[in-house]
Amino acid sequence: MENHPVMLYAYNVWAHKRIFTHLKTFSPEIFHRELNSTFSSIAATMTHIYTTEYLWLQALVGKEMSEAMTEAQKRKGKLEEMQADEMEKEFQALDAQFQSFFEACEDLEATFLLNNPYAGARETSYSEVIFHIVNHSTYHRGNISAMLHELGEASVMTDYVYYWYSDALTEKNE
Numbered sequence: 001m002e003n004h005p006v007m008l009y010a011y012n013v014w015a016h017k018r019i020f021t022h023l024k025t026f027s028p029e030i031f032h033r034e035l036n037s038t039f040s041s042i043a044a045t046m047t048h049i050y051t052t053e054y055l056w057l058q059a060l061v062g063k064e065m066s067e068a069m070t071e072a073q074k075r076k077g078k079l080e081e082m083q084a085d086e087m088e089k090e091f092q093a094l095d096a097q098f099q100s101f102f103e104a105c106e107d108l109e110a111t112f113l114l115n116n117p118y119a120g121a122r123e124t125s126y127s128e129v130i131f132h133i134v135n136h137s138t139y140h141r142g143n144i145s146a147m148l149h150e151l152g153e154a155s156v157m158t159d160y161v162y163y164w165y166s167d168a169l170t171e172k173n174e
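Using full-length UniProt numbering, you'd call the opening residue of the sequence shown number 1 and step up by one each time.
In C-alpha cells form, the structure reads like this:
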C-alpha cells in the first residue's frame, strides 16, 4: 500500500512544478503585479506558501514552532523579490529537505508535541502535519488561479485527481 502522506507530498511537489512552469510562460511583471486579492501579488502568495512549508518542516524536524516562525519570516523579503524561476529553485531545495525528512522518519504516524504560540500545544502526528501542509498549499494555489483570472490569464489544472492520471504518478508506480 502506498504511503499516503508521502504520496500527498509528491502531489504537492507536482502541483508546484505545474504552477511554476505555467507562471514562467508569462512576462515577469505578471508575477509581481499588485492585485487586490488575498495577497498583494502572485509572488507574495508563492512566498507565503514557501515560508509556511518551511516553517512546518522545521517543526517536523523538532524545532520549536516560535523559532521556526522566526526563521521562516527571515526568508520572506528575499523570496518576494525573486522572479518565478529563482523562486522555483528555492521550492526545489525545500522539496529535497522534505525528501530527507521522509527518508529519516521511521514512522509518519508517530506523534509529537506541537507548541503553536497562537493556538496552544497539542499532540499531533507527522502525517497530520503533512496533510495540513498539502491542504494549505492547495488552498493558496487556488488563490493564484483566481489571481490569474483577474489578470485575464488562464490558470493550470492542479487538482489531485489530475495528478492521479498524470505521467508523474504513472512513472512513480512503474
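Even glycine gets a Cβ: it sits at the ideal position worked out from N, Cα and C. As the structure is a computational prediction, the values presented were derived from the model and not from experiment.
**Request:** Return yes when the Cβ of Val161 is within less than 9 angstroms of the Cβ of Thr21, no when it is not.
**Result:** Reading the sequence shown from its first residue, position 21 is the one you call residue 21. Reading the sequence shown from its first residue, position 161 is the one you call residue 161. It is not a contact, given that the beta carbons lie outside the stated cut-off.
**Message:** At 4 residues or longer, what runs of the alpha helix (DSSP H) sit wholly inside the segment 25-94?
**Reply:** 28-32, 42-60 and 65-81
**Prompt:** Roughly how many whole angstroms lie between the Cα atoms of Pro5 and Leu35?
**Reply:** Working through the sequence shown from its first residue, we reach residue 5 at position 5. Working through the sequence shown from its first residue, we reach residue 35 at position 35. So the alpha carbons of these two residues sit roughly 34 angstroms apart.
**Message:** How far does the alpha helix (DSSP H) with Asn135 in it extend, from its first residue to its last?
**Reply:** In the sequence shown, the residue the question calls residue 135 occupies position 135. Segment Tyr126 to Glu150, the alpha helix (DSSP H) holding Asn135.
**Request:** Could you work out which residue in Trp56, Phe31, Asp95 and Phe39 is closest to Lys17 when comparing CA atoms only?
**Result:** Along the sequence shown, read from residue 1 onward, the residue named residue 17 stands at position 17. The option with the nearest alpha carbon to Lys17 is Asp95.
**Asked** Below 8 angstroms, can you find three or more Cβ-Cβ pairs linking the segment 56-70 to the segment 97-105?
**Response** yes
**Asked** Do Val129 and Trp56 have their C-beta atoms closer together than 9 angstroms?
**Response** Counting from 1 along the sequence shown, the entry for residue 129 is found at position 129. Counting from 1 along the sequence shown, the entry for residue 56 is found at position 56. The answer is yes: Cβ separation under 9 angstroms.
**Prompt:** Quick one: what does DSSP say Asn3 is sitting in, helix, strand or coil?
**Reply:** Residue numbering aside, residue 3 sits at position 3 when the sequence shown is read from its first letter. Of the three classes helix, strand and coil, the one that applies to Asn3 here is coil, per DSSP.
**Message:** For Asn133 and Glu153, I'd like the C-alpha separation in whole angstroms.
**Reply:** If you number the sequence shown from 1, residue 133 lands on position 133. If you number the sequence shown from 1, residue 153 lands on position 153. Position check: residue 133 holds Ile in this sequence, whereas Asn was assumed. The alpha-carbon atoms of Ile133 and Glu153 are separated by roughly 27 angstroms.
**Asked** What does Ala121 pair with, by DSSP beta-bridge criteria?
**Response** To locate residue 121, count along the sequence shown from 1; it is residue 121. Bridge partners of Ala121: Asn115.
**Request:** Taking all protein chains shown into account, decide if Asn135 is buried (16 or more other Cβ within 10 angstroms of its Cβ) or exposed.
**Result:** Within the sequence shown, numbered from 1, the residue matching residue 135 stands at position 135. Exposed, because fewer than 16 other Cβ atoms sit within 10 Å of the Cβ of Asn135.
**Prompt:** How should Ala43 be labelled, buried or exposed, when 16 other C-beta atoms within 10 angstroms of its C-beta is the threshold for buried?
**Reply:** On the sequence shown, position 43 is the one that residue 43 refers to. Ala43 is buried by the Cβ-count criterion.
**Message:** Counting only beta-carbon separations shorter than 9 angstroms, does Ile49 have a partner in chain C?
**Reply:** No chain C is present in this structure, which holds just one protein chain.
**Asked** Candidates Met82, Thr158, His140 and Tyr165: which alpha carbon is nearest His48's?
**Response** Numbered from 1 along the sequence shown, position 48 holds the residue referred to as residue 48. The shortest Cα separation from His48 among Met82, Thr158, His140 and Tyr165 belongs to His140.
**Message:** Suppose the cutoff is 6 angstroms on Cβ atoms and the five residues either side in sequence are ignored; what does the same chain contact list for Thr158 look like?
**Reply:** Your numbering for residue 158 matches position 158 in the sequence shown. Within the same chain, Thr158 has close Cβ partners Ala15, Arg18 and Arg141.
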